[in-house]
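J.:
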Amino acid sequence: MTAVFARTAFHDALKNLSDRQLLRELAYVGGRWVAGRDGTCLEVSDPASGAALAFVASLDAAQTSEAIDAAQKAFRSWHNMLPQARAAILRKWHDLMLEAREDLALLMTLEQGKPLAESRGEIDYAASFIEWYGEEGKRLNAESVTSHLAGAEMIVRREALGVVGIVTPWNFPSAMI
Numbered sequence: 018m019t020a021v022f023a024r025t026a027f028h029d030a031l032k033n034l035s036d037r038q039l040l041r042e043l044a045y046v047g048g049r050w051v052a053g054r055d056g057t058c059l060e061v062s063d064p065a066s067g068a069a070l071a072f073v074a075s076l077d078a079a080q081t082s083e084a085i086d087a088a089q090k091a092f093r094s095w096h097n098m099l100p101q102a103r104a105a106i107l108r109k110w111h112d113l114m115l116e117a118r119e120d121l122a123l124l125m126t127l128e129q130g131k132p133l134a135e136s137r138g139e140i141d142y143a144a145s146f147i148e149w150y151g152e153e154g155k156r157l158n159a160e161s162v163t164s165h166l167a168g169a170e171m172i173v174r175r176e177a178l179g180v181v182g183i184v185t186p187w188n189f190p191s192a193m194i
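Once you know that position 38 of the sequence shown is 55 in this note's numbering, the rest is easy, because the numbers rise by one and skip nothing.
Given below as C-alpha cells:
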C-alpha cells in the first residue's frame with residue numbers, strides 16, 4: 018500500500034502507550050531512521066477490526082543491501098568487543114524490554130490479535146532469552162572433542178560468524194528473536 022507518513026492512523030488503543038517512541042514508522046539503517054526511497058510504506062492492521070494501526074517504511078532492494086552492509090560493518094566492532102561488554106548491552110536490552118513490557122504487549126496484541134496476557138508472557142519469554150544469551154556469551158570456552166583420527170584431538174570454539182537475516186513468525190514475533 019502506498020501512503021504518506023503524515024497519514025499514519027492512530028488506533029484508539031495506541032493512545033494508551035506510555036512511550037510512543039516504541040512505535041516507529043521508519044527503518045533503522047546504519048545508525049539513522051530512514052523512509053523508503055520512493056516514499057511507499059506498508060499498512061499494519063488490527064486483525065480484529067481491519068483498522069490501520071500504523072504505516073511502516075517499505076525499503077527497496079538497494080536500501081536492503083545498504084542495511085545489510087551497515088549490519089556487517091557494525092558486526093566487526095561487536096565481534097571485537099569483550100564478552101562482558103556485549104553481555105552488558107544485552108542486559109540493558111533485557112531491562113528495557115521489561116520496563117516497556119506493557120507497551121510492547123499492547124502493540125503485540127493489537128498487531129497479532131492475541132490476548133494481552135499472552136503478549137505479556139511472550140515479552141517476558143523473549144527477555145529471558147536475551148538475558149540468558151548475554152550471560153552465556155561471557156563463557157565462550159573452547160572444548161576438546163575426540164577426533165575420528167587416531168592420535169588427534171579437535172578444539173571447538175564457539176564464536177559469532179556474522180550477520181543473519183531473520184523473519185519471525187507472525188504469531189510469536191518477539192519470542193522467536
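Where is the CB? At the ideal position from N, CA and C, for every residue including glycine.
1) Would residue 181 be called buried (16 or more neighbouring beta carbons within 10 Å of its own) or exposed?
2) When the distance is taken between beta carbons, is residue 96 closer than 8 Å to residue 148?
3) Are residue 46 and residue 58 touching if we call contact CB-CB under 8 Å?
4) Is the Cβ-Cβ distance between residue 176 and residue 157 less than 8 Å?
5) By how many angstroms is the C-alpha of residue 28 removed from the C-alpha of residue 70?
6) At the level of alpha carbons, what is the spacing between residue 18 and residue 145?
7) Measure the C-alpha to C-alpha separation of residue 189 and residue 139 and round it to an integer number of angstroms.
8) If you count every other CB in all the chains shown that lies within 10 Å of the CB of residue 76, and 16 or more means buried, which is it?
9) Based on Cα-Cα distance, which residue from 130, 184, 99, 38 lies nearest to residue 62?
10) Comparing C-alpha positions only, which one of 101, 64, 41 sits nearest to residue 151?
11) To test your reading of the DSSP string, which unbroken beta strand (DSSP E) runs of 3 or more residues are found completely within the segment 21-75?
12) So, under 8 Å CB-CB, residue 143 and residue 114 are touching, yes? Tell me the CB distance rounded to an integer number of Å.
13) Identify, in the order they occur along the chain, each residue of the same chain with its Cβ nearer than 6 Å to the Cβ of residue 108, setting aside the five sequence neighbours on each side.
14) State the CB to CB distance for the pair residue 125 and residue 66, rounded to an integer number of angstroms; the pair is presumed to be in contact (CB under 8 Å).
15) State the DSSP-derived secondary structure class of residue 171, mapped to helix, strand or coil.
T.: Taking the geometry as given:
1) Translated into positions along the sequence shown, residue 181 becomes position 164. Exposed: under 16 other Cβ atoms inside 10 Å.
2) Your numbering for residue 148 matches position 131 in the sequence shown. Your numbering for residue 96 matches position 79 in the sequence shown. Their beta carbons are not under 8 Å apart, which means residue 148 does not touch residue 96 by this criterion.
3) Locating residue 46 in the sequence shown gives position 29, where the first residue counts as 1. Locating residue 58 in the sequence shown gives position 41, where the first residue counts as 1. Against a cut-off of 8 Å, the Cβ pair of residue 58 and residue 46 comes out as no contact.
4) Residue mapping note: residue 176 aligns to position 159 of the sequence shown, counting from 1. Residue mapping note: residue 157 aligns to position 140 of the sequence shown, counting from 1. It is a contact, given that the beta carbons lie within the stated cut-off.
5) Position 53 of the sequence shown, counting from 1, holds the residue named residue 70. Position 11 of the sequence shown, counting from 1, holds the residue named residue 28. Distance between the alpha carbons of residue 70 and residue 28 is about 5 Å.
6) Position 1 of the sequence shown, counting from 1, holds the residue named residue 18. Position 128 of the sequence shown, counting from 1, holds the residue named residue 145. The predicted model places residue 18 with a pLDDT of 44, which falls under 50 and marks its position as unreliable; any figure quoted below should be read in that light. Looking at the two C-alpha atoms, the distance is approximately 36 Å.
7) For the purposes of this step, residue 189 is taken as the residue at position 172 of the sequence shown. For the purposes of this step, residue 139 is taken as the residue at position 122 of the sequence shown. Computed Cα separation, rounded: 7 Å.
8) By 1-based counting over the sequence shown, the position of residue 76 is 59. Buried.
9) Taking the first residue of the sequence shown as position 1, residue 62 is located at position 45. Minimum Cα distance to residue 62 is reached at 130.
10) Walking along the sequence shown from the start, residue 151 turns up at place 134. Measuring from the Cα of residue 151, the nearest candidate turns out to be 101.
11) Uninterrupted beta strand (DSSP E) stretches at least 3 residues long and entirely within the segment 21-75 occur at 44-46, 49-51, 58-62, 69-74, given in chain order.
12) One-based indexing of the sequence shown puts residue 143 at position 126. One-based indexing of the sequence shown puts residue 114 at position 97. Between residue 114 and residue 143 the Cβ distance is about 7 Å, and since that is below 8 Å, they are a contact.
13) The count along the sequence shown starts at 1 and reaches residue 108 at position 91. Taken in chain order, the residues that qualify are 151.
14) Residue 125 sits at position 108 when you count from the first residue of the sequence shown. Residue 66 sits at position 49 when you count from the first residue of the sequence shown. Incorrect: roughly 16 Å between the Cβ atoms, too far for contact.
15) Counting from one through the sequence shown, the residue named residue 171 turns up at place 154. Of the three classes helix, strand and coil, the one that applies to residue 171 here is strand, per DSSP.
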